[in-house]
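Data block below; observations after.
Numbering (the numbering used here), first residue to last: 400 to 931.
Written as structure tokens, this is what we have:
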């Protein structure tokens, strides 16, 4: 069989596969926003007018943020876009692909108006989902330490400014996003068709086309983005005019009165520098996954025709009501379709990501709930409601973070494997762990600390076994007793002489065991109470 026959012209395959567009779009969106988030944080700082600190250049913004707030400040609020980007980008690409077909933008030749109209429809749908998450993201980017989680930021915003705060910038966002996406999609399709007229899968074309389209669209719409940023962060300002800004016209007037025309170019460079690689990553990921999934010709395998023989139906109808049997047939047919879909083995890697999210959420809840339950009712003070809130919050945090980490890690692994033509390298798992660990577990919270320290203890044991397995050192006799002795010797020394370097919960436990046991003056606090 010739190579030409084997080559898959994936652009000529059916473009109406909703599952393909949804899954590829969701993963592409999460990947894009996660990788480029630090540059987005810098852009937000440079655009805000009411900040006490003026960021004039990218290097000064990075230097000041890392010096005063730490490296993690570049990633503050990333959980918001990870949660929002999946569904928003799934709808974004699914809507675009469908509208492109309806408007005739998929035909041969260049059709910038048709493609631009499809992009406008896509952004109206996706921004409706993403806008609240974008508001939370930008507030967390600006408020160092004010909100530790996206949930806390969302609750605070809703209580102080009302639910309308999450959509006050939506009209302005559409005013910016519609021209941005129209320019973006039209430019991308133009460059893609020009660089790759044959329509065969070519990652280099998607990288170049995506980067060029992102840069052009970002530069053209920066003034509108400055206005949107002002509206989305106005609740943080002490300026009365800014706090009372109600829309695009008010925002534009304030910016012009404050800084003149130059104010509309604030953040232009980081915006271009963030959108160029972001759109390149997004399109490359989307097209790669789309190529991978559509080349399997799943569209026919996923929707088998299921019928019930006529003579069997006649027998059933004699004993069962007509409406009931129709409902049963539909349910059995749908379940059979789903089972065949899962058993076919097609989309296995993509579905593995979905189930990874499910398993992470389930295991996180199973681990944290009993622990939080015991710790809350045995050791925490406060009302019953406070203890229940603590249990729910701890369980939710553990479950969410584990689900997001599994999803992100498996997505990165699939992306790297796809880019290399289906080959997985040993370093891929490490790269995925580095990115996922920093993005998901990098926030310094009690739950994250416990999980990271738990894993750290296990990997130290694993590394000790690895050097023996690789015969770097021989298996030492009585290894575990020696290890236990060293661990307890070190921890007791630190507790006695450098106590402040130990984790707070460990300090409390050791205080109870070794110091409080020295304090007593009567029978009751010697036997019954610790202190009285």
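In this text, a Cβ means the ideal position worked out from N, Cα and C, and glycines have one as well.
query: Buried versus exposed, by CB contacts within 10 Å (16 or more), residue 887; result: exposed
query: Uninterrupted alpha helix (DSSP H) stretches inside the stretch 587-635 (no shorter than 4 residues); result: 602-631
query: Contact check, residue 749 vs residue 441, beta carbons under 9 Å; result: no
query: Nearest-angstrom Cα separation, counted from residue 831 out to residue 914; result: 44 Å
query: Residue 900, DSSP secondary structure in three states; result: helix
query: Residues near residue 685 in its chain [Cβ-Cβ closer than 7 Å; skip 5 each side]; result: 423, 424, 427 and 492
query: Residue 615 versus residue 586 - alpha carbon distance; result: 8 Å
query: Short Cβ contact (9 Å threshold) for residue 592 with residue 439; result: no
query: Rounded separation between residue 623 and residue 738 - CA only; result: 48 Å
query: The stretch 791-799 / the stretch 761-773 touching (three or more Cβ pairs under 8 Å); result: yes
query: Extent of the continuous alpha helix (DSSP H) to which residue 875 belongs; result: From DSSP, residue 875 is part of no alpha helix (DSSP H); its letter is neither H nor E.
query: Residue 594 to residue 604 span [Cα, whole Å]; result: 6 Å
query: Nearest residue (CA-CA) to residue 529, options 506, 487, 805 and 517; result: 487
query: Coil, strand or helix - residue 644 by DSSP; result: coil
query: Option in 687, 805 and 743 with minimal Cα separation from residue 758; result: 805
query: Alpha carbon of residue 515 to alpha carbon of residue 808, nearest angstrom; result: 34 Å
query: CA-to-CA distance, residue 849 to residue 671, given in whole angstroms; result: 39 Å
query: Backbone secondary structure at residue 510 - three-state DSSP; result: coil
query: Burial state of residue 461, where buried means 16 or more other Cβ atoms lie within 10 Å; result: buried
query: Inter-residue Cα distance where the pair is residue 679 and residue 613; result: 8 Å
query: Cα-Cα separation between residue 659 and residue 687, rounded to whole angstroms; result: 44 Å
query: Neighbourhood of residue 552 by C-beta, 6 Å cutoff - its chain only, sequence neighbours within 5 removed; result: 535, 538, 539 and 546
query: Own chain residues within Cβ distance below 6 Å of residue 894, not counting five before or after; result: 909
query: Cutoff 6 Å; reference residue 918; Cβ partners in own chain excluding five residues on either side; result: none
query: As assigned by DSSP and simplified to three states, the class of residue 714; result: Unreliable placement is indicated for residue 714, whose pLDDT of 44 sits below 50; the coordinate value is still reported in the next sentence. Correct three-state label for residue 714: helix.
query: Same chain only: Cβ atoms within 7 Å of residue 567, ignoring 5 sequence neighbours per side; result: 630
query: Cα-Cα separation between residue 927 and residue 776, rounded to whole angstroms; result: 19 Å
query: Whole alpha helix (DSSP H) elements within the stretch 807-857, 4-residue minimum; result: 825-840
query: Cβ pair residue 569, residue 527 closer than 9 Å; result: yes
query: Residue 801 beta carbon less than 9 Å from that of residue 760; result: yes
query: As assigned by DSSP and simplified to three states, the class of residue 770; result: helix
query: Integer-rounded CB distance, given that residue 838 should sit under 8 Å from residue 433; result: 6 Å
query: Distance CB(residue 478)-CB(residue 842) smaller than 9 Å; result: yes
query: Simplified DSSP state of residue 866, which is helix, strand or coil; result: helix
query: Span of the alpha helix (DSSP H) around residue 501; result: 477-502
query: Helix, strand or coil at residue 565 according to DSSP, with G and I counted as helix; result: helix
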